[in-house]
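With my numbering as the guide, the letters of the sequence shown map in order to residues 421 to 1032. Structure record follows, encoded as structure tokens.
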Amino acid sequence: MSESPLRKRRKPSGLRQAVPGLKRLLPHVRPHLRTQRTLIAGGGAAMALEVVMRLLEPWPMKFVIDGVIGQLGADLPQGQPTDLQQVLVLACLGLLGVVLVRAAASYAMTVCFALAGNRLLTSVRADAFAHLQRLSLSFHDKARTGDLVQRITSDVGRLKEVAVTAALPLLGNVLTLVAMLVVVVLLDWQLALCMLVVFPIFFLTGRRATSRIHTVSRKQRKAEGALATLATETLGSMKVVQAYTLESEMQSRFASDNVKTLKDGVKAKKLSAGLERSTDVLVGLATAIVLYVGAQRVLAGALTPGELVVFVTYLKAAFKPMRDLAKYTGRIAQAAASAERVVDLLETEPAVRDASWARSGRRVSGHVELSDVWLSYVPGHAVLRGVDLRIAAGERVAVVGPSGAGKSSIAGLLLRMHDPDSGAVRLDGWDVQDLTVHDVRSQVAMVLQESLLFATSIRDNIAMGAPEGADTVTLEQVVEAARIAGAHEFITALPQGYDTVVSERGTTLSGGQRQRIAIARAVVRDAPVVVLDEATTGLDGETEDEVTAALDRLTRGRTTIIITHDLEAARSADRLVWIEGGRVVDQGTPDDVLTRHEDQVGVAGGALHAVG
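This is the structure:
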């Protein structure tokens, strides 16, 4: 299945539109249910006890009312208690006991379900983040970063909120409704019919509103994702925004998207409020009918006044789920839309993944081979066209050619950022698709032109190069790697040394300092193959010399692929491979190849400028 950042699905309408969105999340929650089964069982038992207490709560009042009316001389059915004081004491104590037990059960139910729900959805969020990191570059190249962040933070957060504030109370009220309906039918089936007559009206009037609320909520979540993307792009490109005085342009775009989310949010609130008020009218209508018919039943002797009070109490409690459904429809619809967005992400399959037969645990010596490799990012537009390339273990090879010729694509294939459309990429004779993705990537260290650092300590940034994780690297290993990279002196000169926390993307350090920390990270990786992708481009002369010396120490004895336009870096290789139009058109010693292509290469300032 090919990756797509936004997979479109056709959705059904009405309440049935929201339910599938939440139901699709269940398979991703189910694996974590076993760890929370004690909390879920406890919450279920507390819910059952709470429902029983709700059923018992009106009955003390029934005995009090009937006892008082009987004491005043009303003609009530036989079997009424004669000792009114005893009835009052027992009824009041019973009511107090029922309320206390119900409060305790309700508290236990809420806490158990809230803990279980939050833990389950926190696990789903962790799964979503891990899955997001496994998705291939072909996905991330198309996806919007702000929208992805919105899915794993805000969308999962909305699900957690709704699970506590809406779903759990609604579940308890629905169970109470079912139990109360059984009781009122047994109490007086004719009066029960009067209560039930409004339910079809409620579902008919609510169906259209819930469908519209769900549609608006989905649009709102999509608009909020676009808003987050715009904010992320703007804040991440603040140098460009300020340098080109784009503040007003960005503010205008943000304000436009912000207004869209406001309009959708207000529309959803209006629809939800309208549904709530119409539900209140229906509940009032049902109450009026029950009071009128119930009074006639009391006068006819079919019910006692106390039983009518119990019935009316049950009526109000039974209609609470209807009120809650109207009240929480907007939240439930938003939760369904959020669930769809999270599940769409979880169900996106990585384009590059381990084959069922993939082998792990292999350490290679560094022999690299590409055999008739074809690669395209867009169908029908090949970037590499039948590339054949063999690099011996320990050999140093420069790859040069015009921009867009496919040089960096070769590096991407070695790291399995992409798999070839056809042909094979091999390490020590092993097809990389027969090895696990982790094993392939652990065999290759890469130093890029712009080496990004994480907003953590320098020590952690260096240790992250270890294939098995930063926790496996000692401080001594970090310091040794920094010495090899020529970074130890400037690191120890910082206020907190190796514990100095760098800013996001490492912008508080100079380009040369960032590059040497990146080289130290590659040293920790201890990979047999090293790829240098324009690793010295953009550095001043003195800094370039320091970085070049560090790169020489890093690559000593390792298979090295140098993707560069730098003349000196190209000449330092054992062999130079010229790529043009996605094909290897020439290779040999650097001087020989450059001589053969001198009509295509202009030399200026020590750099190669392909003019072909």
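For every residue, glycine included, the Cβ atom is placed at its ideal position computed from N, Cα and C.
### Query
Would you call Phe874 buried or exposed, if buried means 16 or more other Cβ atoms sit within 10 Å of its Cβ?
For the purposes of this step, residue 874 is taken as residue 454 along the sequence shown, with counting starting at 1. When all chains shown are included, Phe874 counts as exposed.
### Query
Whose C-alpha, out of Thr654, Val660, Lys683, Val893, is nearest the C-alpha of Gln671?
Working through the sequence shown from its first residue, we reach residue 671 at position 251. Among Thr654, Val660, Lys683, Val893, the Cα nearest to that of Gln671 is on Thr654.
### Query
Taking C-beta to C-beta, are Leu459 and Phe559 nearer than 9 Å?
For the purposes of this step, residue 459 is identified with residue 39 of the sequence shown, where counting begins at 1. For the purposes of this step, residue 559 is identified with residue 139 of the sequence shown, where counting begins at 1. In this structure, Phe559 does not lie closer than 9 Å to Leu459 by Cβ.
### Endpoints, the beta strand (DSSP E) within which Met866 is located
Position 446 of the sequence shown, counting from 1, holds the residue named residue 866. Its beta strand (DSSP E) spans residues 864-868.
### Task
Would you kindly work out how many angstroms separate the C-alpha atoms of Leu616 and Tyr712, rounded to a whole number?
As a working mapping, residue 616 is identified with position 196 in the sequence shown. As a working mapping, residue 712 is identified with position 292 in the sequence shown. Straight-line spacing of the CA atoms in Leu616 and Tyr712 works out to 15 Å.
#### Entry: Rounded straight-line distance, which links the Cα of Glu727 to that of Asp486
Here the question's residue 486 lines up with position 66 in the sequence shown. Here the question's residue 727 lines up with position 307 in the sequence shown. So the two alpha carbons sit approximately 8 Å from each other.
### Task
Hey, could you find the ends of the beta strand (DSSP E) Ala818 is sitting in?
Position 398 of the sequence shown, counting from 1, holds the residue named residue 818. 816-820 is the extent of the beta strand (DSSP E) around Ala818.
### Message
Here's a check: name, in chain order, each residue in its chain whose Cβ is nearer than 8 Å to the Cβ of Gly645, leaving out the five neighbours to either side.
### Response
The residue labelled residue 645 in the question sits at position 225 within the sequence shown. These residues qualify, in order along the chain: Arg564, Gly566, Asp567, Gln570, Arg571, Arg761.
#### Entry: Contact set for Ala844: own chain, Cβ-Cβ below 6 Å, skip 5 residues either direction
Walking along the sequence shown from the start, residue 844 turns up at place 424. Ser791, Asp851.
### Task
Could you name the residues that DSSP lists as bridge partners for Arg779?
As a first step, residue 779 is located in the sequence shown; it is residue number 359 there, counting from the start. Per the DSSP secondary-structure output, Arg779 pairs in a beta bridge with Leu855.
### Message
Quick check on DSSP: helix, strand or coil for Ser796?
### Response
In the sequence shown, the residue the question calls residue 796 occupies position 376. Here Ser796 sits in strand by DSSP.
### Query
For Thr980, which three-state DSSP category applies?
In the sequence shown, residue 980 corresponds to position 560, counting from 1. Strand at Thr980.
### 8 Å contact criterion, which Leu601 and Ala461 should meet: CB distance rounded
Residue mapping note: residue 601 aligns to position 181 of the sequence shown, counting from 1. Residue mapping note: residue 461 aligns to position 41 of the sequence shown, counting from 1. Actually they do not touch by this definition, with Cβ atoms about 26 Å apart.
### Query
Val893 by DSSP, collapsed to three states: which one?
Mapped onto the sequence shown, residue 893 falls at position 473. Note: Val893 maps to coil in three-state DSSP.
### Collapsed DSSP secondary structure at Arg436 in the structure displayed
Position 16 of the sequence shown, counted from the first residue, corresponds to residue 436. Confidence at Arg436 is low in this model, with a pLDDT of 47, below 50, so the placement of that residue should be treated as unreliable; the coordinate-derived value is given next. Arg436: helix per DSSP, three-state reduction.
### Message
Quick check on Ser871: does DSSP put it in helix, strand or coil?
### Response
As a working mapping, residue 871 is identified with position 451 in the sequence shown. The answer is coil: DSSP assigns Ser871 none of H, G, I, E or B.
### Task
Express the C-alpha separation of Phe910 and Val944 in angstroms, rounding to a whole number.
As a working mapping, residue 944 is identified with position 524 in the sequence shown. As a working mapping, residue 910 is identified with position 490 in the sequence shown. If I take the Cα positions, the gap works out to 19 Å.
### Query
What's the call for Gln505, buried or exposed, on a 16-neighbour Cβ count within 10 Å?
Stepping through the sequence shown from its first residue, residue 505 is reached at position 85. Exposed: under 16 other Cβ atoms inside 10 Å.
### Task
Give the C-beta separation of Ile633 and Leu702 to the nearest angstrom, bearing in mind that I take them to be a contact with Cβ-Cβ under 8 Å.
By 1-based counting over the sequence shown, the position of residue 633 is 213. By 1-based counting over the sequence shown, the position of residue 702 is 282. 18 Å between Cβ atoms; not a contact.
#### Entry: Residues near Ala812 in its chain [Cβ-Cβ closer than 7 Å; skip 5 each side]
Position 392 of the sequence shown holds residue 812. Excluding positions up to five away in sequence, the list reads His787.
### Task
Give the single residue among Arg879, Ala901, Gly977 whose Cα lies nearest to the Cα of Gln916.
Against the sequence shown, residue 916 aligns to sequence position 496. Per the Cα distances, Arg879.
### Query
Closest by CA to Pro480, which one among Thr927, Leu453, Val519?
Position 60 of the sequence shown holds residue 480. Closest in C-alpha terms to Pro480, from the list Thr927, Leu453, Val519, comes Val519.
### Message
Could you give the first and the last residue of the continuous beta strand (DSSP E) run that contains His801?
### Response
Counting from 1 along the sequence shown, the entry for residue 801 is found at position 381. It spans 801-811 - the beta strand (DSSP E) in which His801 sits, taken as one unbroken run.
#### Entry: Backbone secondary structure at His1017 - three-state DSSP
What you label residue 1017 is simply residue 597 of the sequence shown in a count that begins at 1. Residue state, collapsed to three classes: coil.
### Query
What residue does the beta strand (DSSP E) around Leu847 start on, and which one ends it?
Counting from 1 along the sequence shown, the entry for residue 847 is found at position 427. First-last of the beta strand (DSSP E) with Leu847: 842-847.
### Query
Can you name the residues that DSSP bridges to Glu1000?
Taking the first residue of the sequence shown as 1, we reach residue 1000 at position 580. Residue pairing by DSSP puts Glu1000 in a beta bridge opposite Arg1003.
### Query
Going by the CB atoms, is the gap between Asp839 and Val772 shorter than 9 Å?
Position 352 of the sequence shown, counted from the start, is the residue given in the question as residue 772. Position 419 of the sequence shown, counted from the start, is the residue given in the question as residue 839. Their beta carbons are under 9 Å apart, which means Val772 touches Asp839 by this criterion.
### Simplified DSSP assignment, three categories, for Gly826
One-based indexing of the sequence shown puts residue 826 at position 406. Looking at Gly826 - three-state DSSP - the assignment turns out to be coil, as it is neither helix nor strand.
### Message
Can you look up Asp764 in the DSSP assignment and give me helix, strand or coil?
### Response
Here residue 764 refers to the residue found at position 344 of the sequence shown. Note: Asp764 maps to helix in three-state DSSP.
### Message
Looking at the strands, I want to know which residues DSSP matches up with Trp850.
### Response
Residue 850 sits at position 430 when you count from the first residue of the sequence shown. Leu847.
### Task
Give me the Cα-Cα distance between Val544 and Glu924, rounded to the nearest whole angstrom.
By 1-based counting over the sequence shown, the position of residue 544 is 124. By 1-based counting over the sequence shown, the position of residue 924 is 504. The straight-line gap from Cα to Cα measures roughly 27 Å.
### Task
Let me know if Val660 comes out buried or exposed under the rule of 16 or more other beta-carbons within 10 Å of its beta-carbon.
For the purposes of this step, residue 660 is identified with residue 240 of the sequence shown, where counting begins at 1. By the 10 Å Cβ count, Val660 comes out exposed.
### Inter-residue CB distance, Gln640 and Ala675 (contact presumed, cutoff 8 Å)
Numbered from 1 along the sequence shown, position 220 holds the residue referred to as residue 640. Numbered from 1 along the sequence shown, position 255 holds the residue referred to as residue 675. In fact, because the Cβ distance is near 17 Å, the residues do not count as touching under 8 Å.
### Query
What is the rounded straight-line gap between the Cα of Thr733 and the Cα of Val582?
Working through the sequence shown from its first residue, we reach residue 733 at position 313. Working through the sequence shown from its first residue, we reach residue 582 at position 162. Distance between the alpha carbons of Thr733 and Val582: 28 Å.
### Message
Check whether the segment 800-817 and the segment 983-990 are in contact - that is, three or more C-beta pairs closer than 8 Å.
### Response
Verdict: no, contact absent.
#### Entry: Sequence ranges, alpha helix (DSSP H) only - wholly within the segment 620-667, length at least 4
658-663
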